[in-house]
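Here the structure is laid out as structure tokens; the discussion comes afterwards.
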Amino acid sequence: MDTRFVEGLNPQQAEAVTHEGPALLIIAGAGSGKTRVLTHRIAHLLASGRARPHEILAITFTNKAASEMRGRVEALVGPEARSMWVSTFHAACMRILRREHDAVGLTSTFSIYDTADSVNLMRLVAKDLNLDPKQFSPKALAARVGRFKDELIGPEEAVRLTESASRFTLEHVAGQAYGPYQARLEAANAVDFDDIILKSVRLFEEHPDIAVKYREQFRHILVDEYQDTNHAQYVLVREFVGMGGAGTGTATASLTVVGDADQSIYAFRGANIRNILEFEQDFPDAHIIRLEQNYRSTQTILSAANAVIANNTERRPKNLWTDAGAGERIVGYAADTEQDEARFIAEEITRLMGEDNRAPSEVAVMYRANAQSRAIEERFIRAEIPYTVVGGTRFYERTEIKDMLAYLAAVANENDDVAVRRIVNTPRRGIGDAAVEGIEAAARAAGVSFGAALRRLDEASRMTARARAAVEGFVALLDDLRALAADNGPAALIDAVADRTGYLAALRASDDPQDASRIENVMELVAVGREYGEENPDGTLTGFLEKVALVADADQVPDADGGGGVVTLMTLHTAKGLEYPVVFLTGLEEGTFPHARSMETPGELEEERRLAYVGLTRAKERLYLSRAEVRSSWGAPQYFPASRFVEEVPGDLVDWRRSEGLDELERARAERLSRRGESWSGIYGTKGVDRATGTLDDRRVPPSPPGSAPGPDLGLGIGDRVSHDQYGLGRVVALEGSGHNAVAKVDFGDLGVKRLLLRFAPVVKL
DNA sequence: GTTTCTTTTGTTTTT
DNA sequence: CAAAAGAAAC
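Oh and the first sequence: position 263 is 250 in our numbering, straight run, nothing missing.
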């Protein structure tokens, strides 16, 4: 046996690395070294001669994980390993679909629609079907259609399955909308995210010759994070392995999957734990290896995580252990407000950087929803803590970037209706709603796409001469860009789009302060294009668009470099697979985490708990749990009781602290918020909170909900001095309105006179 | 057709 | 409170 790759591994890990057999399931507990096992297994396959690099297909959850895995294997066995396929499901399928596009009925320039594009397309479908967008939001319909695709259900079958449902359910309407949606998608020569997998499955099912070709190539399939695969991905794996329906006479490939049912956090997107629980039934002669020793966390952290996950009933018990010492106690902090929570985190990080000599890159702050980063960011800026937010309003989802990319997509694919419609009047060029309607009518009459109809305007008689001229100008512009794209790389095209379309000029001319940063973003996209051109000398426009479409949140996580670095802020979902010496788990309140919308159904609540488990197990040495009693989600601030997940952590593991040493200003603000927050929403339960321990207490039931929140009565008069969180000190110069709508005009000196709606404004009377 | 004002709505989580 | 959508004025 080749012992090079098992040195320093425990017996289970070593067995997982060297096991020979048709199917292997590695049940890997959190922090059990699964990434190492997977990379060493690949290295072992290569070094022992069982596999050649091009015979390996390894599926990871993110592109970043893929490039790291490839790098490690190359370091272990040499550069020839480069010809392995290591990528996400989506990237692997795209590679196949591009190659075999004829067989799936696409032209080579097909577009990829992300979630936002799908919703836009669904908006058109909903309009065609006369659906009320308030009753059935395009977003919900698009998501439901996506779930059909995850289950490999086609439009006709979806209609059949949902016709019995009441006509006015999302279920039924989505079934009806699926067909028209898919028709529009295909007419646009585009695929959405779910199609990438679905069409790959269909390709293999309907073209046995192609299936056999890939099966003969890939002799070893490895899938990481198997607990988060959906049905379509499961069927695809079976096709790869040779256990699918299509093709005959091909020997099956070996299959290795790695996963942990306790870390399944994507059921909302179609992931099915069944895939991991029933692996043995699915793949005969399957062997199972459990990795139950944790090498990541201290015993304290692990005990907390084990205690929390034990509350899930739909679960096979697991015995995850460590021989690391107890380590530091967990620190809990019950803050008054989200600002107070942020202040605590910032102070604690500053202290850790000083006293414990921690680098910022050793610290991560995690939260349930992206919007929660805001208060923390504001505080970090003030405290001068270097940080990055991963995900959030993602770069590629910003309006200006989507606009620019829509130009590129329209240039690459004339039939891409979502892209063409997005830019037809951006920047303004005199093609308004009426003109768009006319073009639409022409497109329908001629049975062509919106983009193609731009050239056939004679058929749209109702259009004004001016609009017609504007459209002609637009068509000429696109043709110019197409000519340029024909013999230049994507970088040159992005440059041209920014300049020749007048997009940058419009931003520069605007007096909206936000447009300054939009210009920067556009320039950054230009830089991204240049970088792509340098890294891929023969990279194409479609290649660039594909790369951009498939970037994931987790791909942007900064590397943990030795010197300094930055604190990472991210959602718990993005944190999957990562680890940090110091982790802050924030917003542990009923309604925030678990999220209010997941608290109704037991299944969703258990998924929230798995998410908590993922969060807890990211920490190696120090773990902080924090919550805010008052959080201003939107509108009025609200009280939130402590999260049940906090209570599920054994009390002796946690050192609870409460806000102390608030300065006068902050205390006044906390009081003010409390005064207002007493309007109890009622949807988050009826338990009170023991302020000393931060735990739920049935005896302390909050005040009953008043019909309307009491207006703030600051007792302000003209001439009073006030303090504002942002503007600082000021003097009241006028008062308008009363009660709920009371407004004060306050002179903040250099900052000028501001009109403040007292219901919201963060002001304190001094 | 475009700008500006007013009203409404919204926060899960993401390949 | 902010962003987006809708309505009215230009």
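Glycine included, C-beta positions come from ideal geometry on N, C-alpha and C. From a predicted model like this one, the values you see are computed outputs, not experimental measurements.
6 Å CB neighbourhood of residue i in its chain, flanking five on each side removed
i      : result
Leu603 : Ala291 and Ala292
Leu93  : none
Pro414 : Gly489, Tyr490 and Ala493
Thr149 : Glu158, His159 and Gly162
Arg277 : Ile14
Ser74  : Ala53
Ala362 : Glu325, Gln326 and Ala329
Own chain, CB closer than 7 Å to residue i, minus 5 neighbours either side, in chain order
i      : result
Glu593 : Asn299 and Glu301
Ser725 : Residue placement at Ser725 is flagged as unreliable, the pLDDT there being 47, under the threshold of 50; the coordinate-derived value follows with that caveat. There are no such residues.
Leu512 : Ile388, Met391 and Ile481
Val411 : Ile418, Val423 and Phe461
Glu635 : Ala294, Val295 and Asn298
Ile336 : Val350, Ile372 and Val554
Nearest candidate by alpha-carbon position, reference residue i, set the options
i      : options                           : result
Lys51  : Gly20, Gly551, Asp542 and Met71   : Asp542
Gly564 : Ala297, Phe48, Val4 and Ala333    : Phe48
Glu365 : Asn(-3), Asp327 and Thr243        : Asp327
Leu185 : Ala396, Ala294, Arg134 and Ala254 : Arg134
Glu7   : Leu575, Ala17 and His31           : His31
Ala356 : Ser54, His582 and Pro(-2)         : His582
Asp467 : Val515, Arg517 and Ala397         : Ala397
Met109 : Arg59, Gly166 and Ile99           : Gly166
Asn259 : Ala219, Ile275 and Thr287         : Ala219
Tyr282 : Ile372, Arg487, Asn117 and Gly18  : Gly18
Arg203 : Arg584, Thr239 and Val222         : With the sequence shown as reference, residue 203 is identified as Glu, and Arg is not the correct amino acid for it. Taking only the C-alpha atoms, the option nearest Glu203 is Thr239.
Asp310 : Leu289, Val222, Gly319 and Arg596 : Leu289
Val515 : Tyr383, Ala174, Asp119 and Leu575 : Tyr383
Asp179 : Ala536, Leu575 and Leu209         : Ala536
His308 : Pro195, Gly16 and Val224          : Here the sequence assigns Trp to residue 308, which means His is not the residue at that position. Out of Pro195, Gly16 and Val224, Gly16 has the C-alpha closest to the C-alpha of Trp308.
Ser348 : Leu118, Pro545 and Ala103         : Pro545
Met230 : Ala175, Arg453 and Phe191         : Phe191
Tyr519 : Ala478, Ala483 and Arg487         : Ala478
Glu608 : Val318, Ala472 and Pro9           : Val318
Ser360 : Ala1, Ser98, Thr26 and Gly574     : Gly574
Asp249 : Asn117, Pro304 and Val4           : Pro304
Residue i burial status per 10 Å Cβ neighbour count (16 or more: buried)
i      : result
Trp72  : buried
Phe155 : exposed
Thr588 : exposed
Arg687 : Legend: pLDDT at Arg687 = 27, less than 50; position of this residue unreliable, no value from coordinates given.
Asn344 : exposed
Ile83  : buried
Ala399 : buried
Asn107 : buried
Ser95  : exposed
Arg206 : buried
Glu651 : Residue confidence is low: Glu651 scores 46 on pLDDT, short of 50, so the model does not pin down where it sits. No coordinate-derived value is stated.
Ile275 : exposed
Phe255 : exposed
Ser153 : exposed
Glu507 : exposed
Close beta carbons around residue i, own chain, < 8 Å, minus the five adjacent residues each side
i      : result
Trp306 : It should be pointed out that residue 306 corresponds to Asn in this sequence rather than to Trp. Here the set comprises Glu279.
Ser585 : Glu591, Leu592, Glu594 and Glu595
Arg316 : Thr287, Leu640, Val641 and Asp642
For residue i, the residue or residues it bridges with in DSSP
i       : result
Val570  : Ala351 and Leu610
His274  : Leu11
Arg154  : Bridge partners of Arg154: none, in fact.
Val641  : Ile317
Val244  : Leu12 and Val210
Gln280  : Trp308
Tyr626  : Val617
Gly578  : His582
Thr555  : Ala351 and Thr375
Asn217  : Ala258
Thr324  : Val617
Val(-7) : In the DSSP output, where bridge partners are listed per residue, Val(-7) has none listed.
Val484  : In the DSSP output, where bridge partners are listed per residue, Val484 has none listed.
**Study point:** Start-end ranges of the alpha helix (DSSP H) lying completely within the region 345 to 426, minimum 4 residues
**Key:** Segments of the alpha helix (DSSP H) lying fully in the region 345 to 426: 360 to 370, 386 to 399 and 404 to 410.
Check your understanding: Counting only runs that start and end within the region 40 to 99, where is the alpha helix (DSSP H) found for 4 or more residues in a row?
Key -> Annotation note: the region 40 to 99 contains the following uninterrupted alpha helix (DSSP H) runs of length 4 or greater, listed N- to C-terminal: 50 to 64 and 76 to 86.
**Study point:** Every unbroken alpha helix (DSSP H) within the region 108 to 186, with a cutoff of 4 residues, ordered by chain
**Key:** Correct list: 125 to 137, 142 to 149 and 157 to 174.
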